[in-house]
Amino acid sequence: MLSQGGARSKCRVVATVATAARNDDDLVRGHHARSVRVGPWRQRAAFRKQDQGASMNQSKIFQGLVLALAVAPAFAQTTTTAPPPGRLLASNCFQCHGTNGSGGVDSIRGESVSEIYNEMKEMQRKTPPKMMDMHARGYTDAEIKLLATYLATLR
């Protein structure tokens, strides 16, 4: 024989199963829903729902793939040409000489590569250094060549 507490907990379990069965629209039988049975038509319907869900997921994956392929060219990186060598170095020159080389101080527009290079090298050697001489001392020989080559293109 079961104790009174044991019988109550058994009824609670059966009642919980019965409630779950009713919520899922399953077939419920018996006084306390002791036998819960799902008919074969419900099994077939459940399998159909699973198949439909799988095909819906496949359809969504396919749609996402098509969309990704359609917008991919918009996000593709375009090849950009690198700025001319010396242009970044010339950003210091633009403050006084302007972006086209004919600013408010001395005009360097139209000077040749060798003229600009020789002037910069001469400024590196001057003592005591003036404003432009101090700028020239900050560049290496290779940087002066790049800078002179770029500034000579400003026409």
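Going by numbering that gives the first Met the number 0, the first residue of the sequence shown is number 0, and it counts up by one from there.
Cβ atoms here follow ideal geometry from the backbone N, Cα and C, with glycine treated the same way.
Going by C-alpha to C-alpha distance, which of the options sits closest to residue i?
i	options	result
T152	K125, G85, L68 and T78	G85
K120	V104, T80, D140 and Q62	D140
Excluding the five sequence neighbours on either side, which residues of its own chain have a C-beta within less than 6 Å of the C-beta of residue i, listed in chain order?
i	result
Y138	none
H134	none
T148	G85 and V112
D23	Low confidence applies to D23: its pLDDT is 47, below 50, so where it sits in the model is not reliable, and the reading given next is rough at best. Excluding residues within five positions, none has a Cβ falling inside 6 Å.
P83	Y149
Please return the same chain residues whose Cβ sits closer than 7 Å to the Cβ of residue i, not counting the five positions on each side in sequence.
i	result
M131	M122
G102	C95 and H96
V104	C95 and H96
Considering just the uninterrupted stretch of the alpha helix (DSSP H) at residue i, what are its terminal residues?
i	result
K120	V112 to R124
I143	D140 to L150
D132	M130 to R136
In chain order, what residues of the same chain lie with their CB nearer than 8 Å to the CB of residue i, ignoring the 5 residues before and after it?
i	result
S106	H96 and G100
A89	L146, Y149 and L150
P72	none
So with Cβ pairs under 7 Å, would you call residue i a contact of chain B?
i	result
Y116	Among the protein chains of the structure shown there is no chain B, as only one such chain exists.
* To do: For the region 57–95, list the alpha helix (DSSP H) runs that are entirely contained and at least 4 residues long, ordered along the chain.
  => 86–89
* Asked: Between the region 136–144 and the region 112–119, are three or more C-beta pairs nearer than 8 Å?
  -> yes
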